Structure formats: structure tokens, C-alpha cells
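Here is the structure we will look at, set down as C-alpha cells.
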Amino acid sequence: MYGFADQRYLALCGNSSHRIARCVLVNLLGCRCCIHSGSVVVYRSISREKENDERESRDSQFNFFERLKGSRIRRDYGGVMTCLNGSKMEELRDGEVINRARRWYFDPALVAVARRHDAAVEPRYSAFAAAQINNFVTDTPPLVLDVGCGEGLISEMLESFRCYIGVDPDKAGIHMAESLTSSRVRFVRASVENIPPSVPRADVIVSSLSVALWDDPMRRCAELRKRLNPGGRIVIVDLLRTGPLLRYVSSDQRKQFLVDQYNVSLTREELQMLCDRALPGADISLFTDTGEAIGPAIENSSNFGNLFLVEFQES
1 MYGFADQRYL
11 ALCGNSSHRI
21 ARCVLVNLLG
31 CRCCIHSGSV
41 VVYRSISREK
51 ENDERESRDS
61 QFNFFERLKG
71 SRIRRDYGGV
81 MTCLNGSKME
91 ELRDGEVINR
101 ARRWYFDPAL
111 VAVARRHDAA
121 VEPRYSAFAA
131 AQINNFVTDT
141 PPLVLDVGCG
151 EGLISEMLES
161 FRCYIGVDPD
171 KAGIHMAESL
181 TSSRVRFVRA
191 SVENIPPSVP
201 RADVIVSSLS
211 VALWDDPMRR
221 CAELRKRLNP
231 GGRIVIVDLL
241 RTGPLLRYVS
251 SDQRKQFLVD
261 QYNVSLTREE
271 LQMLCDRALP
281 GADISLFTDT
291 GEAIGPAIEN
301 SSNFGNLFLV
311 EFQES
């Protein structure tokens, strides 16, 4: 999936019950990281030249969406953006918008664009999701099922787990993930729609930046509940769309990718309906990606850079 403001820092430390409230800024851009015993260990993995390139790309992306704010029709970078409302919005949401967002992960001509973008943002969102799991108090280490796991970054950021099973339809991502050397980590190539029966019930099911791309998020969340052990939990992190849908056509593939992913993001109403029907009693928390950090939701913020956290526990 994607992360809109491409924040450079993620704050995660302190007492386990206050990890989000008590923050420090840790540079995770272009790094591999591991959260251990309440602190963040960061491993450099990119050259200074690549870091500068990614910073320039990130700043350009953030400015691009800032320029789109508040406009109904605007020409920008050779493209045309139109805000859609009412029935037009619903029509696009139900069909074209989902297909346009998913194509970046299946069309061989487009996959490279999505992978380049995701490689920069996934470590931060994976760390954010892993921190929620690390906060859970359990008698024994959990069996964790990661739906839409990508390269399995969350497994590297968990403090303790009995077994980690990553599920993803992307053959290339699974191939990269299988390089992880641990008898407690394994991967299954499958989409959320066809997770094989051989995958055992889990204590924790997590999904980061994936749910908006599912064919039917409400139905799939209800199915995932059936895969939980008694008292098991579901953790979902994804982007929240607070503005209207955008009709944007551009020859710049990266910008078109960003618009397509923004459009497919769930709205507050869609998120609330999903939880009411599929995950009743779930806690919903909102956060803002400012471009520098993930923090509590900021009122009157831009339409872009908003995300949600859903935490559900089975009785």
C-alpha cells in the first residue's frame, strides 16, 4: 500500500501502556529497525545518495498533495484533477477506484512504481503496527498472522512471538521475505480471499496498509475473526480518506499511483460501518502523518496524511 506524507520519523518508546503518548523521534527513513524492550534499534541500509533522492521524492510528494487541497478542478504537472461527489463518488468507489488502485500491484508495467514507493514507507507503518502488538499483555508469546505481509517487516519488529505467518499474494515480496532465517517465521502466498485452511488459528491478526485493497473488507474482516483463538486480537492500520475522491490523469506514474491509492482509502463512514458489522466493539483511533511523524489526529488537518488504527478483541 502507501503512506501519504511519507513521514521521516516514528515515535515508539517508553512504558508499554504509554508508547504512543510518550514519543521520541527516531529516524527510520531508509532503515531497517527492530523494537526491543521499549526502545528502537535502527539499522542503516541505504547510501547517503539514495537517502537524499528519497527525501527529495518525499518532499515533492507531500507538496503535490498540498497543492491539490481545496480545488475542484486544477491542472497540475500536466494532469487534470476533479473532485467527485454524491452518486458519482459512490459509482467510482464501487468499481473503477478499487481496480485502479489494485492494478499497481499486479500489472507488470506498474509494479515497480508501487514497490519503490512502498519500500520507503512500509518500515514506519510496520513499526507502528508492531508497537500495538508489543503493548499486548499475554501469558504466552502469540501466534501472529500478518495479512498482506509484504516482505514480513513486522516479524522483525515484534518483541516476542511464538510463530509468525505472513500471507501475501505478491510472489516477489514472499520471495524476499523467505530470506528471513527463523524457524518461527514462515510465509504463504495467498490473498486474504483464499487463505488456505492449513493456516492455523492465530492469537493476533495484523494488517498494515492493505485492507483498502481487499475485494470486500467487511466480509474479509468477519472471516478473519473466525481465525482467531479465544481472546485473540485483530490490529488494522491503514490510511483514512477525509476528502472527496479525485479524478486525476497524469503521465507521471508516481503521482497517478498516489491519487489512485488515496481514492481507495476508507472514509470515516466506511470504517465505522466495517467495525459495526464485522468487528463489533472494536476501538478506532485516528492519527495524523505530518510528514515528520505519526502522532495523534490533528483537527482541521489536510485531507491527506490521515490514518486509522483498529483494535478488536474476540470474547
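Per UniProt numbering, the sequence shown starts with residue 1, numbered consecutively.
We treat Cβ as the ideally placed atom computed from N, Cα and C, and that holds for glycine.
As the structure is a computational prediction, the values presented were derived from the model and not from experiment.
- Residue pairing from DSSP places Y164 in a beta bridge opposite V144 and V185.
- The alpha-carbon of V259 is positioned some 10 Å away from that of V97.
- Distance from V167 to V147 at the Cβ level is roughly 5 Å; contact confirmed, criterion being Cβ atoms closer than 8 Å.
- Within 10 angstroms of the beta-carbon of D283 lie fewer than 16 other beta-carbons, which makes it exposed.
- Taking the CA atoms as reference points, D118 sits about 16 Å from P169.
- Annotation for Y125: the continuous alpha helix (DSSP H) segment containing it runs V111 to N135.
- Note on the segment 214-269: whole beta strand (DSSP E) runs with a minimum of 3 residues are 228-239 and 245-249, in chain order.
- With respect to the C-alpha of A131, the residue from P197, V204 and L279 having the closest C-alpha is V204.
- Rounded to whole angstroms, the gap between the alpha carbons of F136 and P142 is 10 Å.
- For the pair P244 and A212, the Cα-to-Cα distance works out to about 16 Å.
- Put simply, the backbone Cα of T138 is about 21 Å away from that of V199.
- Judged by their CB atoms, G232 and A190 are not nearer to each other than the 8 Å cut-off.
- Put simply, of S251, P230, C149 and A120 the residue whose alpha carbon is nearest the alpha carbon of A129 is C149.
- In the DSSP secondary-structure assignment, P296 is bridged to F287.
- Residues of the same chain with a CB within less than 7 Å of the CB of L153, apart from the 5 flanking positions on each side, are E122, P123 and S126 in chain order.
- F312 is bridged by DSSP to I234.
- By the CB criterion at 8 Å, I133 and L110 fall outside the cutoff.
- In terms of Cβ geometry, F304 and L279 do not form a close pair [threshold 8 Å].
- One thing to note: I165 has its Cβ no nearer than 8 Å to the Cβ of S207.
- For I195, no beta strand (DSSP E) segment is defined, and its DSSP state is neither H nor E.
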